[in-house]
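Okay, so here's the structure we're looking at.
Take a look at the structure:
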């Protein structure tokens with residue numbers, strides 16, 4: 097699909113209310129190791145998983161959901177520690193555990209084949225799932241993966257100072273002291289365009305729900321995990337065995353131009369869709385541009 101065709105595809109899909117389809121989607125309640133998982137399902141067509149990032153939730157996909165639901169059966173999931181799912185303090189949070197939760201969703205819904213659109217923390221979860229597929233561990237098949245901004249290559253990722261501090265021994269204290277004002281300021285720091293009205297406040301409320309601030313330092317262990325498991329997760333990209341692409345907001349100070357440069361160096365044959373003037377949350381800041389890029393990617397498969 098060329099960019100002109102992708103534009104027509106996008107124009108057709110975005111007619112109507114931009115959020116109602118997401119809010120009206122079927123809610124799924126699952127149990128994972130005794131804890132509550134909240135998922136959402138809607139649309140018709142091939143299965144597409146939407147894997148969210150840190151520290152937000154699956155609500156990040158609200159702006160692209162209606163258009164995608166015209167072409168795909170969508171599944172989103174608040175992983176443990178995020179959004180409306182449980183946030184147990186004693187849980188061993190890890191990328192592997194988050195990947196296990198998507199495997200549990202596949203088993204619960206009977207998905208046999210699935211494409212993935214992932215962001216931030218979700219990128220690493222998708223990398224772990226790709227690694228498992230290469231090892232023959234999955235009972236379902238991943239058909240393609242498109243990555244939005246995130247730390248695909250730890251050497252090209254620049255976490256915020258607050259993220260580094262929260263992941264340090266000071267993390268529990270700083271988490272308790274983190275305010276909505278600080279949270280919002282940090283989100284604005286990594287975004288180049290404003291969020292829809294009320295969405296940052298909603299993200300804060302979901303983070304705080306059920307004692308969510310207390311588990312933030314444990315969730316942030318993923319930064320060290322990315323360094324520790326770099327070979328496994330980067331190799332999962334190099335040997336993906338399925339089509340992969342990067343859709344990247346270039347103005348992101350964490351994983352913008354530096355990730356694009358590293359992707360082009362290591363994966364020269366894999367497509368990149370650069371989004372100038374867009375920051376760390378492309379699906380929130382520029383949903384139409386993300387939809388057009390994703391449409392071009394899948395149209396070329």
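In this note's numbering, the protein residues as written are 97 to 397.
Idealized CB from N, CA, C, for every residue including glycine.
Pairing residue 192 with residue 240, the inter-Cα distance amounts to about 20 Å.
Taken in chain order, the whole beta strand (DSSP E) runs of length 3 or more contained in the region 205-240 are 209-214. Counted as a single uninterrupted DSSP element, the beta strand (DSSP E) harbouring residue 147 occupies residues 143-147.
Within the same chain, and ignoring the five residues on either side of residue 298 in sequence, the residues whose Cβ sits closer than 8 Å to its Cβ are 155.
The beta carbon of residue 145 lies closer than 6 Å to those of 171, 210, 212 in the same chain, with the five residues before and after it left out. Taking C-beta atoms as the reference points, residue 344 and residue 370 count as a pair closer than 8 Å.
Under the three-state reduction of DSSP, residue 332 is assigned to helix. Put simply, of 188, 227, 189, 173 the residue whose alpha carbon is nearest the alpha carbon of residue 204 is 173.
One alpha carbon belongs to residue 300, the other to residue 372, and they sit about 27 Å apart.
When C-beta atoms of the region 218-230 are compared with those of the region 358-365, fewer than three pairs fall below 8 Å, so the two segments do not count as touching. Residue 368: member of the beta strand (DSSP E) spanning 368-371, first to last residue. Within the same chain, Cβ atoms closer than 6 Å to the Cβ of residue 177 are found at 183, 189, 311, 315, the five residues on either side in sequence being excluded. It is roughly 10 Å from the alpha-carbon of residue 248 to the alpha-carbon of residue 215. When beta bridges are read from the DSSP output, residue 134 appears opposite 125, 174. For residue 339 and residue 392, the gap between their C-alpha atoms comes out near 13 Å. Look at residue 342 here: in three-state DSSP terms it is strand. Per DSSP, the beta bridge partners of residue 242 are 213, 341. At the C-beta level, residue 380 and residue 346 stay beyond 8 Å of one another. DSSP places residue 280 in the uninterrupted alpha helix (DSSP H) bounded by 276-286.
Taking a 10 Å sphere around the C-beta of residue 221, we find 16 or more other C-beta atoms and assign the residue as buried. Residue 334 and residue 140 have their alpha carbons spaced roughly 31 Å apart.
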